[in-house]
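Colleague: Residue numbers (full-length UniProt numbering), protein chains in the order written: chain X, 1 to 105; chain W, 1 to 426.
Just so you know, even glycine gets a beta-carbon here, dropped at the ideal spot from N, CA and C.
Just passing along the structure, written as structure tokens.
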Amino acid sequence: MVRVTFVDVHGVEQAVAGEGDLSLMELAKANGIDGIAADCGGACSCATCLVHVDPAWVDRTGAPDDIEYAMLDMVSDVAGDTSRLACQIRLTPTLDGLRVVVAQQ
Amino acid sequence: MTQGTLAPEARSLLDTASMTDPIISARPRAYYAAMRRHDPVHWDEKLGMYLVSRYEDIATIQQDPITYSVNKGYHSQQAKGFQQEFQQILEREGGGYFPDAIMSDPPYHTRIRKLMEKAFSAHRVKALEPRITKVVTDLIDSVADRGEADAVQDFAVPLTVRIICEQLGLDWNMKDRIARWSIAVTAQIGRMQDREQMLGHAREICDLQHYLIAKMREREADPREDMISDLVHARDAEGQALSFAEAVSLIRALLIAGNETTATALGNLFYILATRPEIATLLQASVDDDRLMNRFVEELLRIEPPVRGLSRMTTREVELGGRTLPAGAHLLLMYASANDQEDVFADPRRFDLDRPNIGRHLSFGGGVHRCIGLALARMEIKVAAREIVRRIGDIQLAIPPEEIRYLPTVATQSIERLPIRFTRRG
Ligand code: HEM
Ligand code: FES
Numbered sequence: 001m002v003r004v005t006f007v008d009v010h011g012v013e014q015a016v017a018g019e020g021d022l023s024l025m026e027l028a029k030a031n032g033i034d035g036i037a038a039d040c041g042g043a044c045s046c047a048t049c050l051v052h053v054d055p056a057w058v059d060r061t062g063a064p065d066d067i068e069y070a071m072l073d074m075v076s077d078v079a080g081d082t083s084r085l086a087c088q089i090r091l092t093p094t095l096d097g098l099r100v101v102v103a104q105q
Numbered sequence: 001m002t003q004g005t006l007a008p009e010a011r012s013l014l015d016t017a018s019m020t021d022p023i024i025s026a027r028p029r030a031y032y033a034a035m036r037r038h039d040p041v042h043w044d045e046k047l048g049m050y051l052v053s054r055y056e057d058i059a060t061i062q063q064d065p066i067t068y069s070v071n072k073g074y075h076s077q078q079a080k081g082f083q084q085e086f087q088q089i090l091e092r093e094g095g096g097y098f099p100d101a102i103m104s105d106p107p108y109h110t111r112i113r114k115l116m117e118k119a120f121s122a123h124r125v126k127a128l129e130p131r132i133t134k135v136v137t138d139l140i141d142s143v144a145d146r147g148e149a150d151a152v153q154d155f156a157v158p159l160t161v162r163i164i165c166e167q168l169g170l171d172w173n174m175k176d177r178i179a180r181w182s183i184a185v186t187a188q189i190g191r192m193q194d195r196e197q198m199l200g201h202a203r204e205i206c207d208l209q210h211y212l213i214a215k216m217r218e219r220e221a222d223p224r225e226d227m228i229s230d231l232v233h234a235r236d237a238e239g240q241a242l243s244f245a246e247a248v249s250l251i252r253a254l255l256i257a258g259n260e261t262t263a264t265a266l267g268n269l270f271y272i273l274a275t276r277p278e279i280a281t282l283l284q285a286s287v288d289d290d291r292l293m294n295r296f297v298e299e300l301l302r303i304e305p306p307v308r309g310l311s312r313m314t315t316r317e318v319e320l321g322g323r324t325l326p327a328g329a330h331l332l333l334m335y336a337s338a339n340d341q342e343d344v345f346a347d348p349r350r351f352d353l354d355r356p357n358i359g360r361h362l363s364f365g366g367g368v369h370r371c372i373g374l375a376l377a378r379m380e381i382k383v384a385a386r387e388i389v390r391r392i393g394d395i396q397l398a399i400p401p402e403e404i405r406y407l408p409t410v411a412t413q414s415i416e417r418l419p420i421r422f423t424r425r426g
């Protein structure tokens, strides 16, 4: 069980949990988190699953790869913040307790 | 249904203009601005549709694909006036009448879309890049020494057809037939065709379907690295394949959906290079800067969106932008207008590669119907931009900009011909 706290677009905290081979986006969709539209279904090509990772967690979520970075660059200040595409973060046990803020779009 | 004080020009536009008027349709920005400001969901009497002009209202529609139906919006337009006869011809002579499986609503749409996505994987797009690069460079090299060309007819259109052949795995000598088929299929939605023309188009579509069906049979037996193979072999999570009718309709859709849109985008690319030389110079200096090239493609798509408006139909009474729409209202989502909205994109007519939200334009739509070909389209435009500025320079319009004409359709804003002059580089 991996527990995640989303701060949704209304600023409301939502504590959810998921199991198995899931992305952070899939976990958000399964729990109806407001602000995660995920138009492209996780293909890293729409940026409607944008989140800001809590700075305390960025070491564990890691850095975006080149393709994700290019997408992020078009919708956020990727060089200066902790933005990630939720569909590109796999939920592993090391992410238990993760906290992310859903981006305003 | 107006808000604020109306300038006389805005009032007159809202009272008299229509997207069906060729003059408005060619230069629609003042009309869009008047709507956005005073009447965001505007009834266009001559078109018989509500024009939805604001970013936030379009976003609302995109998030509710059940209330705002693509299936009804699209299929109620198809072959308008001759629907039965059209379907009978295809059944009798074209191997069948295959409704467009992707022009549908969830939950059916969700299944189709998932199966279709197999053909648009990052892997497929990557595999196509070197082949598309070769097609692009061959074509530019063949015109580079001439010093003048029609950027649309000599370049954008033939290039797009060749790319589609690569992508779907069709034969190279198909150029003219693909162009005719494309016209015949697009004529079925929202364009004026009389009965004679409908009969001609229906015959073209029969021809197209026979060709595609034969190709599908080949790829069923002998899969290759192409999208027809991907689609005929696609299986969903339960191991189910597309039905034969679904697969024919989807392959037909791919042939058409990526054609005029991409050709239009490439025409617009030349238009920007010819009219904003500072951008052309910047690109020449930056061909190896992938970040800049990506941003250039997005800003090009935002400032000159190929698809300006697509349709939906309401399935119930609903409030939108301060107006109550009845069930069965036909809407045109004006993506081009939303891309010009000042409070979303500051100073919207400026070509600005530093926009913080450069990827938030609506040129690929949004929601569940967001363009499935967008990664491929972005790659094609980037490759074309890079190889063009490498090979030719000093691109200039050979006609005054006021003389540029557009294809007669509300769905896209496509330059018909774009005579240019240029010099070979290097
Ligand atoms: C610059 C080029 C392109 C532009 C501007 C563009 C634009 C769009 C737009 C605006 C939509 C949304 C439709 C709606 O709101 O109803 C769309 C959907 C679609 N596009 Fe594209 N497109 C491009 C290239 C392509 C290519 C290359 C392909 C395929 C080879 C493609 C296939 C499709 C399909 C199948 C849909 C329907 C998706 C659905 O309803 O689920 N497009 N496109
Ligand atoms: S779901 Fe589209 S980029 Fe993540």
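Residues of chain X with CB closer than 7 Å to the CB of W:N357, please, in chain order.
Modeller: Neighbours of W:N357 on chain X, chain order: V75.
Colleague: CA-CA distance, W:R252 and W:L90?
Modeller: Computed Cα separation, rounded: 14 Å.
Colleague: To the nearest angstrom, how far is it from the Cα of W:E220 to the Cα of W:I228?
Modeller: C-alpha separation (whole angstroms): 9 Å.
Colleague: Take the Cβ of W:I23 as the centre, count every other Cβ of all protein chains shown within 10 Å, and call the residue buried at 16 or more, exposed below.
Modeller: With fewer than 16 Cβ atoms within 10 Å of its Cβ, W:I23 is classed as exposed.
Colleague: Per the DSSP calculation, X:L50 is bridged to which residue(s)?
Modeller: Looking at the DSSP assignment, X:L50 forms a beta bridge with X:L85.
Colleague: How is X:R10 classed by DSSP in three states: helix, strand or coil?
Modeller: Note that residue 10 of chain X is His in the sequence shown here, rather than Arg. Reduced to three states, the DSSP call for X:H10 is coil.
Colleague: For ligand 2, enumerate in chain order all residues having a CB closer than 7 Å to any of its heavy atoms.
Modeller: The answer, residue by residue, is X:M25, X:A38, X:D39, X:C40, X:G41, X:G42, X:A43, X:C44, X:S45, X:C46, X:A47, X:T48, X:C49, X:M71, X:L85, X:A86, X:C87, X:Q88.
Colleague: Taking C-beta to C-beta, are W:L139 and W:R111 nearer than 9 Å?
Modeller: In this structure, W:R111 does not lie closer than 9 Å to W:L139 by Cβ.
Colleague: Mark W:Q62 as exposed unless 16 or more other C-beta atoms lie within 10 angstroms of its C-beta, in which case mark it buried.
Modeller: W:Q62 is buried by the Cβ-count criterion.
Colleague: Between which two residues does the beta strand (DSSP E) holding residue 427 of chain W run?
Modeller: Here chain W covers residues 1 to 426 and nothing more, so residue 427 of chain W does not appear.
Colleague: Any heavy atom of ligand 3 closer than 8 Å to the Cβ of W:R113?
Modeller: Ligand 3 is absent from the structure shown, which contains only ligand 1 and ligand 2.
Colleague: Starting from the beta carbon of W:V368, find every residue of chain X whose beta carbon is closer than 8 Å, and list them in chain order.
Modeller: In chain order: D39.
Colleague: Give the range of the beta strand (DSSP E) segment to which W:Y335 is assigned.
Modeller: Run containing W:Y335: none in the beta strand (DSSP E); it sits in the alpha helix (DSSP H), 335 to 338.
Colleague: With DSSP run on the structure shown, which of helix, strand or coil describes W:Q396?
Modeller: Strand, per DSSP.
Colleague: Alpha carbon to alpha carbon, how far is W:I132 from W:E380? Give it in angstroms, no decimals.
Modeller: Each residue's Cα considered, the two are about 7 Å apart.
Colleague: Below 8 Å between beta carbons is the criterion; list the residues of the UniProt domain "2Fe-2S ferredoxin-type" (1 to 105) of chain X that meet it against any residue of chain W, in chain order.
Modeller: Those residues of the UniProt domain "2Fe-2S ferredoxin-type" (1 to 105) of chain X that come within reach of chain W (Cβ to Cβ, closer than 8 Å) are A37, D39, C40, G41, A43, C44, S45, C46, A47, T48, I67, A70, M71, D73, M74, V75, S76, D77, Q105.
Colleague: Do you know how far the Cα of X:M1 is from the Cα of W:A338?
Modeller: Straight-line Cα distance between these residues: approximately 42 Å.
Colleague: Quick check on the burial criterion: 16 or more other C-beta atoms within 10 angstroms. Buried or exposed for X:V12?
Modeller: It is exposed - the Cβ of X:V12 has fewer than 16 other Cβ atoms within 10 Å.
Colleague: Out of W:E238, W:S249, W:R235, state which residue places its alpha-carbon closest to the alpha-carbon of W:L208.
Modeller: Among W:E238, W:S249, W:R235, the Cα nearest to that of W:L208 is on W:S249.
Colleague: Hey, would you say W:R370 sits closer than 9 Å to W:S69, going by beta carbons?
Modeller: Not closer than 9 Å, so no.
Colleague: Grab me the residues of W:G73's own chain with a C-beta within less than 6 Å of its C-beta, minus the 5 sequence neighbours each way, in chain order.
Modeller: Taken in chain order, the residues that qualify are S311, R312, M313.
Colleague: Is there a Cβ from chain X that is less than 9 Å from the Cβ of residue 454 of chain W?
Modeller: Within the shown structure, residues of chain W are numbered from 1 to 426, placing residue 454 of chain W beyond reach of any answer.
Colleague: Would you say W:N294 faces chain X, with C-beta separation under 9 Å as the test?
Modeller: True, the Cβ-Cβ gap to chain X drops below 9 Å.
Colleague: Could you tell me whether any non-hydrogen atom of ligand 1 is closer than 8 Å to the CB of X:A56?
Modeller: Flag unset: Cβ of X:A56 not near ligand 1.
Colleague: Do the segment 96 to 114 of chain W and the segment 339 to 357 of chain W make contact, defined as three or more Cβ pairs closer than 8 Å?
Modeller: The segment 96 to 114 of chain W is not in contact with the segment 339 to 357 of chain W.
Colleague: Check whether the Cβ of W:T2 lies closer than 9 Å to any Cβ atom in chain X.
Modeller: Reliability of the predicted coordinates at W:T2 is poor, the pLDDT of 45 falling under 50, and no value is obtained from them.
Colleague: Per DSSP, what kind of secondary structure is W:Y97 in: helix, strand or coil?
Modeller: In this structure, W:Y97 counts as coil in the three-state DSSP scheme.
Colleague: Compute the beta-carbon to beta-carbon distance between W:L168 and W:D226, rounded to the nearest angstrom, for a pair I have assumed lies under 8 Å.
Modeller: That belief holds up - the Cβ atoms of W:L168 and W:D226 are roughly 6 Å apart, short of 8 Å.
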